[in-house]
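Here is the structure we will look at, set down as structure tokens.
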Amino acid sequence: MGKFIHALKIDMTVAMRNGIVLITAIVAVAYILMVNFVIPEELNSPFAGQVILDESTGAKYSAIFTTMESGALVYTSRADFDKEMDKGTALGLIIDDNGFTVIQQGYEGTETVNSARAAMQFFLDSLKGQDDLERIEVQSLNEYPADLNLKERMVPMLLASDVILLGFLFGTTMIFQERKERSITAYRVSPAGAMTYLMSKATLNVMMALVFTLAFCLFTIGFGINYVALLLLICVVAFLITFIGILLGQFFSSLSDFMYIMLGFMLIMSLPVFTYMNPNFRFVGMELIPSYQVIFTVDAMMKPGWDWMMLVRPMLIMSIEMLIFCFLALTVTRRHLLKEKR
Amino acid sequence: MIRVQNLTHHYNGNDTDAVHEVNFEIAKGEIFGFLGPSGAGKSTVQNILIGLLPLQKGAVTYDSDSLKDLNKRFFEKIGVSFELPNVYEKLTGYENLKYYAGLFSRKTDDPDKILERVGLADARNKKAQDYSKGMKQRLVFARAIINNPEILFLDEPLSGLDPATAREIKEIIRERKRQNNTIFLTTHNMFVAEELCDRVAFINEGKLVAMDTPKNLKLQYGTKSVKVEYKEGTIVKSEIFFLDKGHEKDNLSQLMKTKDIITVHSQEATLEQIFIKLTGRELM
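So the sequence lines, in the order shown, correspond to chains A and B. Under this note's numbering, the residues of the first sequence are numbered 1 to 342, in order. Under this note's numbering, the residues of the second sequence are numbered 1001 to 1284, in order.
What follows is the structure, given as structure tokens:
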């Protein structure tokens, strides 16, 4: 234990003097300011909804639309409709006695167009007494589907970006520095060993990740989350990321050589962000990406009704990954980093 | 005792062995000098001895323990001083020693005492990145002895040091010898080897070409001759006598009796000259 404490002291002092702690603090402050003062609670979408032109005989539908409070703008004049459509922010629907036509701006998603089409068809069917609303049952897979506002939704993503990306970068940077100044050769002939080397760097990263998480979450979402569960999750992911960083960093001689790997890693880690923004983006194995687990588990934790059982699966996945990468990093450190080139 | 038998090492991609069939023994309390030019195989041998390179062929034993069976405890009892400075640049001199000492289970020396000994007491709180090359070299040496090692591996320990500091470091090395520490000293500086080592081995192109005490090597490979300077009237003259020729001994004796002798110098060869004689290469 004494050796580990001293190895950690070396790493902590070097990290502080290298500015790693300062960078983490600056990122934390920047994220806190961004969430609190820059990001709005709701985003005004450029898509302003639907504009309807009623060309039916006697404009018989327009009154009905108005009383329905559908939120759509209803016109009976073609000129007014065109003027609204020219703003380029709405989906158009022209309804006449024979049916309706959808006018797209061109950028709308298929989902948007199809839902507008289905809604209009349902509207027309219901007027004819052909609707079957009674038979439509809505069930939710999520027992607590309460939505987070935009500010809150940013928290899991920013948390993942710091803990994962900065953690990965710092772990590898320390290896490259030790190689450059050759202090690693001194460590090689000490009795401290590979496990101490690995664990001291991982522990440093975990400590920084925990402090960052505490500061960032306290100043953004306050006490609206179970901090014990959150810190447990961050602890495991920070260990995992450091092990991955140390494992990969050993095969490269400098940070510039490592740049391509780092970019690839960042790309993979950012994929779950797309899924978070649009759940349609998903592929097999995505759950294995650490950032996915951080983003979605923290998101769930922030919603009312979260319970500890929801932490079991992500923790299990990341703990298994952590053990695998710990073993690999340890083996490579022992045989590669702490030995001379053969 | 360190015993090295038939040590051979091959680097991938090279045609020849970096070290080939090397044999030597180092007794406890002995300073053993390993001399050779750059690329001769000195570092390879040292890296195998300290476990940084795998033992491919041959045997290395410390007392009766094979190098292959040595574990972390082995590193508790060795100290290694590297030729190139390899300190934590962001740490101060004191922190470098203090934290490094913490990596050992055994009792270590007071960093301040060692810093004072190697002349770095005034720079204890200065970051190592601000040290000169010589200061870093001293810090590396200080770190090598912080754990009171039983075996010291010193790679060019006096390189880049001023004469006064070099004298102090040499004295520390001699002190360690008196404490019965075994010292493996790698150098290409013949004067350092001659001054400090009980025995030296010459290595060239991965092979040992000679091994003995500096004195014996000189006797074996040097020329037994004496240069005498004497006064004849107001003129200073000199003459060289080869002692392995019987009649020259008589001539020397005669000269000593009859002339006003100013100086007498033995004409023994230096280790450098012997190395050149044996290998055709210079040490530097």
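For each residue, glycine too, the CB sits at the ideal point set by N, CA and C. It should be emphasised that the depicted structure is a prediction, and the values quoted were computed from it without experimental measurement.
For Glu-1095/B, the residues of chain A that pass the 7 Å Cβ criterion are Thr-13, in the order they occur in the chain.
Beyond the five residues adjoining it in sequence on each side, His-1009/B comes within less than 7 Å, by CB distance, of Asp-1017, Ala-1018, Val-1019, Thr-1044, Ile-1048, Leu-1053, Gln-1056 in the same chain, given in chain order. Within the segment 1125 to 1167 of chain B, complete beta strand (DSSP E) segments of at least 3 residues are found at 1151 to 1155, given in chain order.
Within 10 angstroms of the beta-carbon of Ser-291/A lie 16 or more other beta-carbons, which makes it buried. In the structure shown, Met-1001/B adopts coil according to DSSP, grouped into three states. Note that the segment 192 to 211 of chain A does not touch the segment 1106 to 1126 of chain B; fewer than 3 beta-carbon pairs, one per stretch, sit closer than 8 Å. Beta-carbon to beta-carbon, Ala-1201/B and Asn-1147/B are separated by about 26 Å, too far to satisfy the 8 Å threshold. In the three-state DSSP reduction, Leu-328/A falls in the helix class (H, G or I). Those residues of the segment 165 to 194 of chain A placed with their C-beta closer than 7 Å to a C-beta in chain B are Glu-181, Arg-182, Ser-183, Thr-185, Ala-186, Arg-188, Val-189, Ser-190, Pro-191, Ala-192, Gly-193, ordered along the chain. For Arg-335/A, not one C-beta of chain B is nearer than 7 Å to its own C-beta. Neighbours of Ala-7/A across chain B, judged by C-beta separation under 9 Å: Tyr-1099, Gly-1102, Leu-1103.
In this structure, DSSP gives Gly-1039/B a state outside helix and strand, which the three-state scheme calls coil.
When the beta-carbon positions are compared, Ile-261/A and Leu-248/A come within less than 7 Å of each other.
If you look at Gln-1254/B, you'll find it isn't in any beta strand (DSSP E); it sits in the alpha helix (DSSP H) that goes 1246 to 1258.
In this structure, DSSP gives Gly-264/A a helical state, which the three-state scheme calls helix. Thr-89/A and Met-157/A have their C-alpha atoms spaced approximately 28 Å apart.
Considering only beta carbons, the part of the segment 1078 to 1089 of chain B lying closer than 9 Å to chain A consists of Ile-1078, Gly-1079, Val-1080, Phe-1082, Leu-1084, Pro-1085, Asn-1086, Val-1087, Tyr-1088, Glu-1089, in chain order. Each residue's CA atom was taken as its position, placing Ser-62/A and Ala-30/A some 50 Å apart. Between Lys-1133/B and Gly-1160/B, the beta carbon gap of about 5 Å places them in contact (Cβ cut-off 8 Å).
Comparing alpha-carbon positions, the option among Gly-1029/B, Gly-1093/B, Ile-1002/B lying closest to Ala-1123/B turns out to be Gly-1093/B. In this model, Ser-1066/B and Arg-1199/B are separated by some 23 Å (Cα to Cα). With a threshold of 16 other beta carbon atoms within 10 Å, Val-1192/B meets it and is buried. A check of alpha carbon separations from Arg-1106/B across Glu-1095/B, Asn-1096/B, Phe-1075/B identifies Phe-1075/B as the nearest.
Annotated three-state conformation of Ile-244/A is helix, per DSSP. Residues of chain B whose Cβ lies closer than 8 Å to the Cβ of Gly-2/A are, in chain order, Gly-1102, Ser-1105. For Asp-54/A, the enclosing beta strand (DSSP E) has its first and last residue at 49 to 54. When the Cα atoms are used, Lys-1237/B and Lys-1259/B turn out to be separated by approximately 10 Å.
Within its own chain, the residues whose Cβ lies closer than 8 Å to the Cβ of Leu-1070/B, once the five positions on either side in sequence are excluded, are Gly-1051, Tyr-1062, listed in chain order.
Between Val-35/A and Met-174/A, the C-beta spacing is not below 7 Å.
According to the DSSP secondary-structure assignment, Asn-1204/B is paired through a beta bridge with Lys-1207/B. At a cut-off of 7 Å between beta-carbon atoms, Phe-1191/B makes no contact with chain A. Runs of the beta strand (DSSP E) lying entirely within the segment 1065 to 1135 of chain B and spanning at least 3 residues, in chain order: 1078 to 1081.
Around the beta carbon of Leu-218/A, a 10 Å sphere encloses fewer than 16 other beta carbons of the protein chains shown; the residue is thus reported as exposed.
Taking the CA atoms as reference points, Ile-1151/B sits about 5 Å from Ile-1078/B. At least one CB atom of chain A sits nearer than 7 Å to the CB of Phe-1075/B. By the criterion of a C-beta distance shorter than 7 Å, Ala-238/A is surrounded in its chain by Val-163, Gly-167, Asn-205, Val-206, Ala-209, once the five residues flanking it on both sides are discounted.
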